[in-house]
Amino acid sequence: MTDEEAGDESAPGWEAIDAALARLYPGQVPKHFGTIIKWMLGGPDPLDGISAWKRTAPVPHWHFVSYGLSELYQKDSEDPEVSGWGFELTFRLTCDAADEEPPAWAFSLLQNLARYVFQSGNLLRDGEWMNINGPIALETDTQLQALAFVADPELPAIATPNGRVDFIQIVGLTLEEMEAGKQWQTRGLLDALLPHMPLWTTDLSRASLLERPDVRDLVEAGKARDGSALGMLFVPALSWSTRKRLPQSPVTAIRMGAGHVEELLESLSLRLPFGRELFLASSGEAITFAPGEPMALTEENGQLRVTLTPAALDALRATLRPVVGEYRVPGLPGVVWEVEQTNIRDAAGNIVRTIG
Numbered sequence: 001m002t003d004e005e006a007g008d009e010s011a012p013g014w015e016a017i018d019a020a021l022a023r024l025y026p027g028q029v030p031k032h033f034g035t036i037i038k039w040m041l042g043g044p045d046p047l048d049g050i051s052a053w054k055r056t057a058p059v060p061h062w063h064f065v066s067y068g069l070s071e072l073y074q075k076d077s078e079d080p081e082v083s084g085w086g087f088e089l090t091f092r093l094t095c096d097a098a099d100e101e102p103p104a105w106a107f108s109l110l111q112n113l114a115r116y117v118f119q120s121g122n123l124l125r126d127g128e129w130m131n132i133n134g135p136i137a138l139e140t141d142t143q144l145q146a147l148a149f150v151a152d153p154e155l156p157a158i159a160t161p162n163g164r165v166d167f168i169q170i171v172g173l174t175l176e177e178m179e180a181g182k183q184w185q186t187r188g189l190l191d192a193l194l195p196h197m198p199l200w201t202t203d204l205s206r207a208s209l210l211e212r213p214d215v216r217d218l219v220e221a222g223k224a225r226d227g228s229a230l231g232m233l234f235v236p237a238l239s240w241s242t243r244k245r246l247p248q249s250p251v252t253a254i255r256m257g258a259g260h261v262e263e264l265l266e267s268l269s270l271r272l273p274f275g276r277e278l279f280l281a282s283s284g285e286a287i288t289f290a291p292g293e294p295m296a297l298t299e300e301n302g303q304l305r306v307t308l309t310p311a312a313l314d315a316l317r318a319t320l321r322p323v324v325g326e327y328r329v330p331g332l333p334g335v336v337w338e339v340e341q342t343n344i345r346d347a348a349g350n351i352v353r354t355i356g
């Protein structure tokens with residue numbers, strides 16, 4: 001921490017983070033970048049600062065650490081056991097041994113993630129993932145377009161005067177790796193990747209590690225053994241309604257975009273046979289799929305619950321396709337699946353791909 005950043009205000013939280021890094025990097029002075037106007041004073045950046053340590057082992061990389069998601073100065077939050085949001089972000093990025101300055105985009109990445117936490121109130125925890133809808137480094141051709149979060153392997157949680165602080169490391173993933181983590185569990189995926197990315201160091205130039213047979217075998221074995229830990233899917237185009245057809249039985253129509261059909265079928269097959277439910281949500285609708293006997297449809301508080309037998313699940317997987325149309329599944333009487341076209345748009349709102 002610089003004298004300018006300290007000013008007249010004590011910073012016990014900041015000093016505790018400094019002490020943890022001094023133990024890891026004794027005698028080393030990091031590259032530090034502070035915020036000009038603090039967030040609390042109306043500035044655009046929520047982090048008061050970010051430091052980057054250069055190291056050569058086990059691979060040359062920069063080790064970034066944030067200052068500002070925890071309480072750096074006085075204690076303001078109500079929970080005495082937790083400092084601020086309870087964590088700081090770290091990020092390890094490969095570099096050339098001769099590099100002297102860390103790349104600016106990495107600082108922007110940490111600030112953007114911190115801004116997401118401040119504005120949404122959502123925490124970033126060990127084992128979680130995020131699709132950032134583009135390369136993690138803008139204007140590069142990297143295949144890394146998603147993030148995972150894991151406890152920093154070299155920075156255990158610390159006790160500060162303002163409460164506990166965890167260090168949560170950002171890990172760059174390909175979209176294929178992200179999907180594998182969703183289908184199994186993100187933490188299991190990261191453990192499978194670790195032998196090929198020491199300390200979970202992000203390398204912008206790498207291809208998907210699922211191209212390696214040893215990694216793919218570990219992931220497939222994990223899915224078969226454990227099923228999926230992902231219990232909820234957000235499906236933007238999801239809706240349902242029940243139409244009464246007196247004197248016939250009512251029909252429930254479930255509508256969704258073609259772009260989510262394969263993900264739904266894969267998730268159901270990795271949840272229900274393991275005795276776990278799957279919750280689908282959109283901005284205004286919700287459907288829960290549950291394993292059980294007999295097959296049933298129930299409505300409660302505006303939500304639909306679909307109980308599927310093993311045979312009904314098999315029939316659904318054999319019938320439903322990511323193609324526009326209506327589908328009636330054997331063994332699911334009274335249910336019509338309406339698959340609609342999905343349009344994928346770029347940041348400017350232009351349609352770049354159509355599914356269905």
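With UniProt numbering applied, the sequence shown has no gaps in its numbers, which climb one by one up to 356 at the end.
Ideal Cβ positions, reconstructed from N, Cα and C, are used throughout, including at glycine.
May I have the straight-line CA-CA distance separating D3 from D18, to the nearest angstrom? Counting from one through the sequence shown, the residue named residue 3 turns up at place 3. Counting from one through the sequence shown, the residue named residue 18 turns up at place 18. Only weak support is given to the placement of D3: the predicted model assigns it a pLDDT of 49, under 50, and the value that follows is read from those uncertain coordinates. Distance from the CA of D3 to the CA of D18, rounded to the nearest whole angstrom, comes to 14 Å.
Member of V59, R345, L47 whose CA lies at the smallest distance from the CA of P198: For this step, residue 198 is matched to residue 198 along the sequence shown. Comparing Cα-Cα distances from P198 to each of V59, R345, L47, the minimum goes to V59.
Does the structure place the region 79 to 93 close enough to the region 62 to 71 that three or more beta carbon pairs sit under 8 Å? yes
Out of P310, A148, S51, which has the shortest C-alpha to C-alpha gap to R271? For the purposes of this step, residue 271 is identified with residue 271 of the sequence shown, where counting begins at 1. The closest CA to that of R271, considering only P310, A148, S51, is found on P310.
Beta bridge counterpart(s) of R276 as assigned by DSSP: Position 276 of the sequence shown, counted from the start, is the residue given in the question as residue 276. Answer is none; R276 lacks a bridge partner.
Between which two residues does the beta strand (DSSP E) containing N131 stretch? Taking the first residue of the sequence shown as position 1, residue 131 is located at position 131. That run of the beta strand (DSSP E) goes 129 to 131.
I want to know whether the region 178 to 196 touches the region 137 to 156 - three or more CB-CB distances under 8 Å. yes
Unbroken alpha helix (DSSP H) runs of length 4 or more, entirely within the region 246 to 333: which are they? 261 to 269, 310 to 319
Between the region 227 to 246 and the region 267 to 287, do at least 3 Cβ pairs fall closer than 8 Å? yes
What is the residue span of the beta strand (DSSP E) that Q169 lies within? On the sequence shown, position 169 is the one that residue 169 refers to. First-last of the beta strand (DSSP E) with Q169: 163 to 174.
When DSSP builds the beta bridges, which residues end up paired with F33? Locating residue 33 in the sequence shown gives position 33, counting from the first residue. I50, per the DSSP bridge assignment.
Grab me the residues of L110's own chain with a C-beta within less than 7 Å of its C-beta, minus the 5 sequence neighbours each way, in chain order. To locate residue 110, count along the sequence shown from 1; it is residue 110. So the qualifying residues of the chain are L47, I50, F64, S66, L89, F91.
Decide if T354 is buried, meaning its Cβ has at least 16 other Cβ atoms within 10 Å, or exposed. Numbered from its first residue, the sequence shown carries residue 354 at position 354. That one is exposed.
Per DSSP, F149 is paired with what? Stepping through the sequence shown from its first residue, residue 149 is reached at position 149. Answer is I170.
Bridge-paired residues (DSSP) for A237: Position 237 of the sequence shown, counting from 1, holds the residue named residue 237. None; A237 has no bridge partner.
E263: which of E176, F167, M295, P294 sits nearest, CA to CA? Within the sequence shown, residue 263 is the residue found at index 263, counting from 1. It is E176 whose Cα lies nearest to the Cα of E263.
Using the Cα positions of M256 and V329, report the straight-line distance between them to the nearest angstrom. Against the sequence shown, residue 256 aligns to sequence position 256. Against the sequence shown, residue 329 aligns to sequence position 329. Between M256 and V329, the C-alpha separation is close to 15 Å.
Span separating the alpha-carbon of A207 from that of E78: Translated into positions along the sequence shown, residue 207 becomes position 207. Translated into positions along the sequence shown, residue 78 becomes position 78. Cα to Cα, the separation comes out at about 45 Å.
Length of the line joining the Cα atoms of A157 and M130: Within the sequence shown, numbered from 1, the residue matching residue 157 stands at position 157. Within the sequence shown, numbered from 1, the residue matching residue 130 stands at position 130. Their backbone Cα atoms lie some 23 Å apart in a straight line.
Between which residues of its own chain and I351 is the CB-CB distance below 8 Å, once the five residues before and five after are set aside? Position 351 of the sequence shown holds residue 351. Result list for I351: N343, I344, R345, in chain order.
Can you tell me which residues form a DSSP beta bridge with R187? Here residue 187 refers to the residue found at position 187 of the sequence shown. Paired residues: none, contrary to the question.
Can you tell me the Cα-Cα spacing of N133 and A98, whole angstroms? In the sequence shown, counting from the first residue as 1, residue 133 sits at position 133. In the sequence shown, counting from the first residue as 1, residue 98 sits at position 98. Going by the C-alpha atoms only, they are around 32 Å apart.
Can at least three beta-carbon pairs, one atom from the region 334 to 342 and one from the region 307 to 325, be found at a separation below 8 Å? yes
Cβ shell of F33 (< 7 Å), same chain only, five flanking positions each side left out: By one-based count along the sequence shown, residue 33 stands at place 33. If we look at F33 and ignore the five residues flanking it on each side, its Cβ neighbours are G49, I50, F107.
Considering only the alpha carbon of each residue, which of L193, T56, N122, E154 lies closest to R23? By one-based count along the sequence shown, residue 23 stands at place 23. Of the candidates L193, T56, N122, E154, the one whose C-alpha sits nearest the C-alpha of R23 is E154.
Please state whether the Cβ-Cβ distance between P291 and L308 is less than 9 Å. In the sequence shown, the residue the question calls residue 291 occupies position 291. In the sequence shown, the residue the question calls residue 308 occupies position 308. In contact: P291 and L308 (Cβ atoms closer than 9 Å).
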